[in-house]
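In what follows, a structure is listed as structure tokens, so that the remarks can point back to it.
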Amino acid sequence: GENVEQHPSTLSVQEGDSAVIKCTYSDSASNYFPWYKQELGKRPQLIIDIRSNVGEKKDQRIAVTLNKTAKHFSLHITETQPEDSAVYFCAASKTGNQFYFGTGTSLTVIP
Amino acid sequence: DVKVTQSSRYLVKRTGEKVFLECVQDMDHENMFWYRQDPGLGLRLIYFSYDVKMKEKGDIPEGYSVSREKKERFSLILESASTNQTSMYLCASSPHGGIFYGYTFGSGTRLTVV
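Read top to bottom, the protein sequences are chains A and B. Quick note on our numbering: the first sequence kicks off at 25 and runs consecutively. Quick note on our numbering: the second sequence kicks off at 18 and runs consecutively.
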């Protein structure tokens, strides 16, 4: 099956700085890559996704890049704010039915 | 506008008890999933279902079973709870394959087995 690795496991940044979280996947047939944000005590929420026919997607302060050749994708958060503090999960899917998740990154934005 | 509802937020059970975790979604989704979430291990798939009365094992099905008698409801059963099943359990649903909308998660059930 698919194997998704996510790094780093923890990340601390100063407010206003950028944060980058990286994931790699093993199955070259995977073609859909969502990112979820889970605030403390809350459910994971989809924040952005990218499909394999696109190299980059941006939504305000967050962006995701995909390198199909290298089988890795990254989440970029610019101008970080304290409310960005959360656990972020990457995932990969090739069917749209089942997702394989990374182990999560705990992001802390220091005011 | 809660769309995936898990019946209990917190649950404390004794070792050996049979435990039922319930999940209901109101989005008419075909797919439903049960994950457990543990620090450093992320989200691990226990069981999933693509249709009523259909179930498939995920990565860590041992000690668990599931039931899907109706499209909107997916139950996770711990046949004989053990302390190593203390965890956060997350239910999720999604539309059927080919439609890449991602999952909708429930709020989670934090189960403690004592």
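Backbone N, C-alpha and C define an ideal beta-carbon position, used for all residues, glycine too. Quick caveat, the model's predicted, so the values are computed rather than measured.
Next on the checklist: Are there any heavy atoms of the ligand COA lying less than 6 Å away from the beta-carbon of residue 62 of chain A, as far as the coordinates show?
Outcome noted: The model depicted lacks the ligand COA and carries no ligand whatsoever.
Checklist entry - Would you report the Cα separation of residue 73 of chain A and residue 101 of chain A, rounded to the nearest angstrom? => result What you label residue 73 of chain A is simply residue 49 of the first sequence in a count that begins at 1. What you label residue 101 of chain A is simply residue 77 of the first sequence in a count that begins at 1. Computed Cα separation, rounded: 14 Å.
Item to check | Proximity below 7 Å, CB of residue 75 of chain B to CB of residue 64 of chain B | outcome: In the second sequence, the residue the question calls residue 75 of chain B occupies position 58. In the second sequence, the residue the question calls residue 64 of chain B occupies position 47. Yes. Within cutoff.
Next on the checklist: Using 8 Å as the cut-off, can you tell me whether the segment 119-135 of chain A makes contact with the segment 81-97 of chain A, which would need three or more C-beta pairs spanning the two stretches below that distance?
Outcome noted: Not touching, per the Cβ criterion.
Checklist entry - Which residue's Cα is closest to the Cα of residue 53 of chain A: A:130, A:103, A:77? => result Mapped onto the first sequence, residue 53 of chain A falls at position 29. Closest by alpha carbon: A:77.
Next on the checklist: Please identify the residue among A:46, A:39, A:95, A:97 whose C-alpha is closest to the C-alpha of residue 33 of chain A.
Outcome noted: Position 9 of the first sequence, counted from the first residue, corresponds to residue 33 of chain A. Taking residue 33 of chain A as reference, the option from A:46, A:39, A:95, A:97 with the minimal CA-CA separation is A:46.
Item to check | Rounded separation between residue 53 of chain B and residue 60 of chain B - CA only | outcome: Taking the first residue of the second sequence as 1, we reach residue 53 of chain B at position 36. Taking the first residue of the second sequence as 1, we reach residue 60 of chain B at position 43. The alpha-carbon atoms of residue 53 of chain B and residue 60 of chain B are separated by roughly 6 Å.
Checklist entry - What are the uninterrupted segments assigned as alpha helix (DSSP H) that are 4 or more residues long and contained completely in the segment 41-119 of chain B, given in chain order? => result Listed in chain order, nothing qualifies, since the segment 41-119 of chain B has no complete alpha helix (DSSP H) run of 4 or more residues.
Next on the checklist: Please identify, using Cβ separations under 7 Å, the residues of the segment 58-70 of chain B that lie next to chain A, in order along the chain.
Outcome noted: Here the close residues are 58, 59, 60, 65, 67.
Item to check | 7 Å Cβ cutoff, residue 124 of chain B in contact with chain A | outcome: Here residue 124 of chain B corresponds to residue number 107 of the second sequence, with the count starting at 1. Closer than 7 Å to some Cβ of chain A, the Cβ of residue 124 of chain B qualifies, so yes.
Next on the checklist: With three or more C-beta pairs closer than 8 Å as the rule, is the segment 34-48 of chain B touching the segment 83-99 of chain B?
Outcome noted: Contact holds between the segment 83-99 of chain B and the segment 34-48 of chain B, because three or more Cβ pairs, one in each stretch, are under 8 Å apart.
Checklist entry - Listing by chain order, which chain B residues have their CB less than 8 Å from the CB of residue 35 of chain A? => result Position 11 of the first sequence, counted from the first residue, corresponds to residue 35 of chain A. Taking a Cβ-Cβ threshold of 8 Å, none of the residues of chain B is close to residue 35 of chain A; the smallest such distance is about 15 Å.
Checklist entry - Looking at the structure shown, is residue 108 of chain A part of a helix, part of a strand, or coil, going by DSSP? => result Here the question's residue 108 of chain A lines up with position 84 in the first sequence. DSSP, reduced to helix, strand and coil, places residue 108 of chain A within a helical segment of the structure shown.
Next on the checklist: Looking at the secondary structure, which residues open and close the beta strand (DSSP E) in which residue 87 of chain A lies?
Outcome noted: Position 63 of the first sequence, counted from the first residue, corresponds to residue 87 of chain A. Residue 87 of chain A -> beta strand (DSSP E) spans 86-91.
Next on the checklist: Using C-beta distances below 8 Å, list every residue in its chain close to residue 28 of chain B, excluding the 5 sequence neighbours before and after it, in chain order.
Outcome noted: Your numbering for residue 28 of chain B matches position 11 in the second sequence. If the five residues before and after residue 28 of chain B are omitted, its C-beta is found closer than 8 Å to the C-beta atoms of 36, 38, 126, 127, 128, 129, all from its own chain and listed in chain order.
Next on the checklist: Check this for me: beta carbons of residue 37 of chain A and residue 104 of chain A, under 7 Å apart or not?
Outcome noted: Locating residue 37 of chain A in the first sequence gives position 13, counting from the first residue. Locating residue 104 of chain A in the first sequence gives position 80, counting from the first residue. Going by C-beta atoms, residue 37 of chain A is nearer than 7 Å to residue 104 of chain A.
Checklist entry - Taking the C-alpha atoms as reference points, what is the distance between residue 91 of chain B and residue 107 of chain A? => result For the purposes of this step, residue 91 of chain B is taken as residue 74 along the second sequence, with counting starting at 1. For the purposes of this step, residue 107 of chain A is taken as residue 83 along the first sequence, with counting starting at 1. If I take the Cα positions, the gap works out to 33 Å.
Checklist entry - Along the chain, where does the beta strand (DSSP E) that runs through residue 58 of chain A open and close? => result One-based indexing of the first sequence puts residue 58 of chain A at position 34. Counting along the chain, the beta strand (DSSP E) containing residue 58 of chain A begins and ends at 56-62.
Next on the checklist: Bridge partners for residue 132 of chain A per DSSP, in chain order?
Outcome noted: Translated into the one-based positions of the first sequence, residue 132 of chain A becomes position 108. Bridge partners of residue 132 of chain A: A:36.
Checklist entry - If you run the structure through DSSP and keep just helix, strand and coil, what is residue 122 of chain A? => result Residue mapping note: residue 122 of chain A aligns to position 98 of the first sequence, counting from 1. The answer is coil: DSSP assigns residue 122 of chain A none of H, G, I, E or B.
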